[in-house]
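S.K.: This is the structure I have questions about; it appears just below.
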Ligand SMILES: [Zn+2]
């Protein structure tokens, strides 16, 4: 899917149509978004567990090839971010479109 780098869109902060810079959101790992989340190893360490060698079967996962969803879908939904050129605020798209590849031209 080819998309323009800038697009004219309504900005809810400026309350009018302005130029927006379009970008695809990068995939983030759970550890980068919630480093101290409930199931995180860092939190467990801070609270006194998850020490020493081995994970005692708590944090290990099966091989990726055993994941149910691995390799099922060839396309991903887009997760576009629109940054207003006037106020520099970023908005997200309401619903993604399935695409194999997103290109900005
Ligand atoms: Zn704006």
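In this note's numbering, the protein residues as written are 1 to 105.
Note that the Cβ used here is the ideal one computed from N, Cα and C, for glycine as well.
Please read these numbers as outputs of a predicted model, since none were measured by experiment.
1) Around the Cβ of residue 38, are there at least 16 other Cβ atoms within 10 angstroms (buried) or fewer (exposed)?
2) With a threshold of 16 other CB atoms inside 10 Å of the CB of residue 20, please say whether the residue is buried or exposed.
3) Give me the Cβ distance between residue 86 and residue 14, rounded to the nearest whole Å; I'm assuming they're in contact under 8 Å.
4) CB residue 23 to CB residue 66, shorter than 9 Å?
5) Does the beta-carbon distance from residue 3 to residue 104 come in below 9 Å?
M.R.: So, from the data block:
1) Here residue 38 refers to the residue found at position 38 of the chain shown. Exposed.
2) Within the chain shown, the letter at position 20 stands for residue 20. Under this definition residue 20 is a buried residue.
3) Taking the chain shown and counting its residues from 1, one reaches residue 86 at position 86. Taking the chain shown and counting its residues from 1, one reaches residue 14 at position 14. Yes, residue 86 and residue 14 are in contact; Cβ-Cβ is about 5 Å, under 8 Å.
4) Along the chain shown, read from residue 1 onward, the residue named residue 23 stands at position 23. Along the chain shown, read from residue 1 onward, the residue named residue 66 stands at position 66. No, the Cβ-Cβ distance between residue 23 and residue 66 is not below 9 Å.
5) For the purposes of this step, residue 3 is identified with residue 3 of the chain shown, where counting begins at 1. For the purposes of this step, residue 104 is identified with residue 104 of the chain shown, where counting begins at 1. At the C-beta level, residue 3 and residue 104 come within 9 Å of one another.
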